[in-house]
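Participant:
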Ligand code: ADP
């Protein structure tokens, strides 16, 4: 059984097409990087899998299940920039919210076991000392780590993250990647990222989308795939990233020709 099966998925926002006839299977315990240009449909793909937006056609199976409850098996780390950081709630309470299930009693209270478990997840992301802080006082990197702890709180077999290392400090970034690597021993991970370092050293397979599926396979990108993906010549200089990602290109030629835009 695959963790996620996407078959002929098409999604539009009114007249705006976002995804066109995407098919992809993600195996259990895979670590998949989703790449593509801004507006290419990466977030839409995650939201469609999560059932947050209606799909025009196609089918999505999560752990073999097409029913709505299948999404309970997913921990989701949304894009940091879309979050309301002023909500009056402590770090611990935010992580506890990740344990909530539908149909709660109105007088529900979190048990001490739940609080202990939430503290364990905060420890994993090195935030236990900040558990009583309001989330509004966290730095960008701390906030992102809190979101990760919240996504882990229900111990889901599948974790989906939308650019978790955008706008975070290098220490948080390293911590997040190290943790994802460890979590991948027991969980399937789907990571939307522009970060070639992650693509190079963490992910096992990549999915490249620009409305349609451009590439799904080993994390090795040819110049042709990159051109099709980004619809324009881009700089293939990888800033000391090991060359597992990019195949067969002449760095000197690329840097001379295309100093405008970074991949
Ligand atoms: P990415 O995550 O790759 O940057 P998105 O999935 O956010 O791309 O967007 C894909 C396309 O759908 C873009 O053209 C974007 O403008 C459009 N889009 C995304 N969200 C909405 C929305 N809520 N309403 C209308 N159009 C949207």
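Residue numbers (this note's numbering): 13 to 275.
No residue lacks a Cβ here, since even glycine has one placed at the ideal position from N, Cα and C.
(1) Considering just the uninterrupted stretch of the beta strand (DSSP E) at residue 170, what are its terminal residues?
(2) I'd like to know whether the C-beta atoms of residue 201 and residue 231 end up nearer to each other than 8 Å.
(3) Leaving aside the five residues before and after residue 191 along the sequence, list all residues of the same chain whose C-beta is less than 8 Å from its C-beta, in chain order.
(4) Rounded to a whole number of angstroms, what is the C-alpha to C-alpha distance between residue 196 and residue 207?
(5) Do residue 52 and the ligand ADP come close, with the Cβ less than 7 Å from some heavy atom?
(6) Going by Cα to Cα distance, which pick from 44, 69, 21 and 182 is closest to residue 229?
(7) Taking the alpha carbon of residue 39 as the point to measure from, which residue in 80, 16, 179 and 152 has its own alpha carbon closest?
(8) Looking at C-alpha atoms only, which residue of 79, 68 and 59 is the closest neighbour of residue 27?
(9) Whose C-alpha, out of 203, 162 and 74, is nearest the C-alpha of residue 14?
(10) Between the alpha carbons of residue 22 and residue 64, how many angstroms are there, rounded?
(11) Where in the segment 109-166 do unbroken runs of the alpha helix (DSSP H), each at least 4 residues long, occur, reported from the N-terminal end onward?
(12) By Cβ distance below 6 Å, which residues in the same chain neighbour residue 253 in space, the five residues on each side in sequence not counted?
(13) Which two residues bound the contiguous beta strand (DSSP E) that contains residue 216?
(14) What do you reckon, are the CB atoms on residue 134 and residue 140 nearer than 8 Å?
(15) Can you tell which of 24, 79, 157 and 165 has its C-alpha closest to the C-alpha of residue 186?
(16) In terms of alpha-carbon separation, which member of 18, 153, 58 and 104 lies closest to residue 78?
(17) Excluding sequence positions up to five away, which residues of its chain have a Cβ less than 6 Å from the Cβ of residue 142?
(18) With 16 as the cutoff for other CB atoms within 10 Å, does residue 55 come out buried or exposed?
Facilitator: Working from what's here:
(1) 170-174
(2) no
(3) 136, 137 and 160
(4) 18 Å
(5) yes
(6) 44
(7) 16
(8) 68
(9) 74
(10) 14 Å
(11) 124-136 and 152-164
(12) For residue 253, the predicted structure reports a pLDDT of 49, less than 50, and the residue's modelled location is therefore unreliable. A value from the coordinates is still provided. Closer than 6 Å at the Cβ level, and outside the excluded window around residue 253, lie 208, 209 and 212.
(13) No beta strand (DSSP E) holds residue 216; DSSP gives it neither H nor E.
(14) yes
(15) 157
(16) 18
(17) 103
(18) buried
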